[in-house]
Amino acid sequence: MRPSVSDLQLPPPYSLVPLREAGDAFAHACAIAADEGAGTLAWVRRYDLAEFAVVLEPDDPLEDARRAIYAGMNALADALAVHAPPSRPITFDWPDTVRVDGVLVGGARLGWPEGARENEIPDWLVFSGMIRTAVIRAGEPGLRPLLGALDELGFVALDAGEIVASFSRHLMAAFHEWSDTGFGSIASRWLDRLPRKGDEHTELAGNGDLVISHTASHGLRERKSLSEALARPSWLDPMTGTPWL
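Residue numbers 6 to 250, in the working numbering, belong to the letters of the sequence shown in order.
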């Protein structure tokens, strides 16, 4: 059954824009962001995906404002964690992928105006999330052990609208945290969900780039560009427009 608009209860700062099942929340939010403004939340009404996008109004130049991807992902993980079975940890792949107990269930995207300059404040940002809640017409989980959906991972009676509503509240809390304590707390919480490899040490640079160093590397560090990584979502199947399955 397709979720109804009345099922989705958002806090007052948000303005809901419901879309039909064939809608694209990310593209739609980017298209209307300049006119509708901050707090506009596009939601695709389907039960097998929690797909949404929210318009943000940044205060920082684009090169720094992209760090909003981390606040949004923290909020999305917090929304899922409320309903996750205790034995199913929620983790991230840098910079945009969400996993539950190692299984890819979805991820996030970030959009900004075309032609926006790195050193200028963009008119808007769009944070978009997509989580697969149920599997339709796919092979057995054993044939795709690292790809799946929430219903296969023990999330009971959880619908897409519930995830989106919970996310909206956690996102407000995340931006309050950023305002009160700075980006460091957002970065720390995000990195807590990033699995470590061996003697690897990770940190987020001031512009959101990922910096990786190793104890045995004698000071050598690898730096990965956030802006380049966000250009091609690693979790999104370009053929279907949904998470890899």
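Cβ coordinates follow ideal geometry from the N, Cα and C atoms, glycine included.
Quantities reported herein were computed from a predicted structural model and do not represent experimental measurements.
**Asked** For VAL103 versus LEU81, is the C-beta distance shorter than 8 angstroms?
**Response** One-based indexing of the sequence shown puts residue 103 at position 98. One-based indexing of the sequence shown puts residue 81 at position 76. Against a cut-off of 8 angstroms, the Cβ pair of LEU81 and VAL103 comes out as a contact.
**Request:** Could you tell me if THR245 is buried or exposed, where buried requires 16 or more neighbouring beta carbons within 10 angstroms of its beta carbon?
**Result:** Within the sequence shown, the letter at position 240 stands for residue 245. Around the beta carbon of THR245, fewer than 16 other beta carbons sit within 10 angstroms, so the residue counts as exposed.
**Nearest candidate by alpha-carbon position, reference SER230, set ALA121, PRO100, THR45 and GLY107** = By one-based count along the sequence shown, residue 230 stands at place 225. The residue with the shortest Cα to Cα distance from SER230 is PRO100.
**Message:** Could you give the first and the last residue of the continuous alpha helix (DSSP H) run that contains GLU41?
**Reply:** Taking the first residue of the sequence shown as 1, we reach residue 41 at position 36. 30 to 41 is the span of the alpha helix (DSSP H), which, as asked, contains GLU41.
**Prompt:** In this structure, does DSSP put GLY159 in helix, strand or coil?
**Reply:** Counting from one through the sequence shown, the residue named residue 159 turns up at place 154. Of the three classes helix, strand and coil, the one that applies to GLY159 here is coil, per DSSP.
**Message:** Using the three-state DSSP reduction, which class does GLY111 fall into: helix, strand or coil?
**Reply:** For this step, residue 111 is matched to residue 106 along the sequence shown. It is a strand residue.
**Request:** Give every residue of the same chain whose Cβ lies closer than 6 angstroms to the Cβ of MET6, excluding the five residues on either side of it in the sequence, and list them in chain order.
**Result:** Taking the first residue of the sequence shown as 1, we reach residue 6 at position 1. Residue placement at MET6 cannot be trusted, given a pLDDT of 44 that sits under 50; the coordinates are not used to answer.
**Item:** Option in ALA221, ARG51, PHE132 and ALA84 with minimal Cα separation from PRO63
**Value:** In the sequence shown, counting from the first residue as 1, residue 63 sits at position 58. Ranking ALA221, ARG51, PHE132 and ALA84 by Cα distance to PRO63 puts PHE132 first.
**Prompt:** Taking DSSP as the reference, what is the three-state secondary structure of ARG228?
**Reply:** The residue given as residue 228 occupies position 223 in the sequence shown. Strand, per DSSP.
**Request:** Note down, in chain order, each residue of its chain lying with its Cβ closer than 8 angstroms to the Cβ of THR138, except the 5 sequence neighbours on either side.
**Result:** For the purposes of this step, residue 138 is taken as the residue at position 133 of the sequence shown. The residues are TYR52, ASP53, LEU54, ALA55, ALA154, LEU155, ASP156, PHE160, LEU163, ASP164, ALA165 and ILE168.
**Asked** Cα separation between GLY42 and PRO18?
**Response** Taking the sequence shown and counting its residues from 1, the one referred to as residue 42 is at position 37. Taking the sequence shown and counting its residues from 1, the one referred to as residue 18 is at position 13. The straight-line gap from Cα to Cα measures roughly 11 angstroms.
**Request:** Quick one: give me the first and last residue of the beta strand (DSSP E) that MET78 is part of.
**Result:** Taking the sequence shown and counting its residues from 1, one reaches residue 78 at position 73. Counting along the chain, MET78 falls outside any beta strand (DSSP E), though it belongs to the alpha helix (DSSP H) covering 73 to 86.
**Message:** For the region 63 to 73 against the region 119 to 131, do three or more pairs of beta-carbon atoms, one drawn from each stretch, fall closer than 8 angstroms, so that the two count as touching?
**Reply:** yes
**Prompt:** What residue range is occupied by the uninterrupted alpha helix (DSSP H) comprising LEU176?
**Reply:** For the purposes of this step, residue 176 is taken as residue 171 along the sequence shown, with counting starting at 1. Run containing LEU176: 165 to 186, per the alpha helix (DSSP H) assignment.
**Item:** Separation of LEU250 from TRP183, as counted between CA atoms
**Value:** Residue mapping note: residue 183 aligns to position 178 of the sequence shown, counting from 1. Residue mapping note: residue 250 aligns to position 245 of the sequence shown, counting from 1. Taking the straight line joining both Cα atoms gives about 34 angstroms.
**Asked** Taking all protein chains shown into account, do 16 or more other C-beta atoms lie within 10 angstroms of the C-beta of SER171, making it buried, or fewer, making it exposed?
**Response** Locating residue 171 in the sequence shown gives position 166, counting from the first residue. Buried.
**Request:** Quick one: residues in its chain with C-beta nearer than 6 angstroms to the C-beta of ARG114, no 5 flanking neighbours on either side, listed in chain order?
**Result:** Position 109 of the sequence shown, counted from the start, is the residue given in the question as residue 114. Same-chain partners within the cutoff: PHE31, SER133 and PRO238.
**Request:** Using the Cα positions of CYS1 and GLU205, report the straight-line distance between them to the nearest angstrom.
**Result:** Since the first residue shown for the chain is 6 and the last is 250, residue 1 is missing from the structure and cannot be characterised.
**Request:** With a threshold of 16 other CB atoms inside 10 Å of the CB of LEU151, please say whether the residue is buried or exposed.
**Result:** On the sequence shown, residue 151 is found 146 positions in, with the first residue counted as 1. Exposed, because fewer than 16 other Cβ atoms sit within 10 Å of the Cβ of LEU151.
**Request:** Out of GLY28, ILE37 and ILE74, state which residue places its alpha-carbon closest to the alpha-carbon of ILE191.
**Result:** Within the sequence shown, residue 191 is the residue found at index 186, counting from 1. When each option's Cα is compared against that of ILE191, the closest is ILE74.
**Request:** Determine the extent of the alpha helix (DSSP H) in which GLU125 is found, giving its start and end residues.
**Result:** Here residue 125 is taken as the residue at index 120 of the sequence shown, counted from 1. Unbroken run through GLU125: none, as it is neither H nor E.
**Asked** Do you know whose CA, among ASP83, GLY112, ALA89 and ASP214, lies nearest ASP69's CA?
**Response** Within the sequence shown, residue 69 is the residue found at index 64, counting from 1. Nearest option by C-alpha distance: ASP214.
**Request:** Using the Cα positions of GLU26 and HIS175, report the straight-line distance between them to the nearest angstrom.
**Result:** Here residue 26 refers to the residue found at position 21 when the sequence shown is read from its first residue. Here residue 175 refers to the residue found at position 170 when the sequence shown is read from its first residue. Cα to Cα, GLU26 sits roughly 25 angstroms from HIS175.
**Prompt:** Going straight from the alpha carbon of LEU199 to that of LEU21, what length do you get?
**Reply:** For the purposes of this step, residue 199 is taken as the residue at position 194 of the sequence shown. For the purposes of this step, residue 21 is taken as the residue at position 16 of the sequence shown. For LEU199 and LEU21, the distance between alpha carbons rounds to 31 angstroms.
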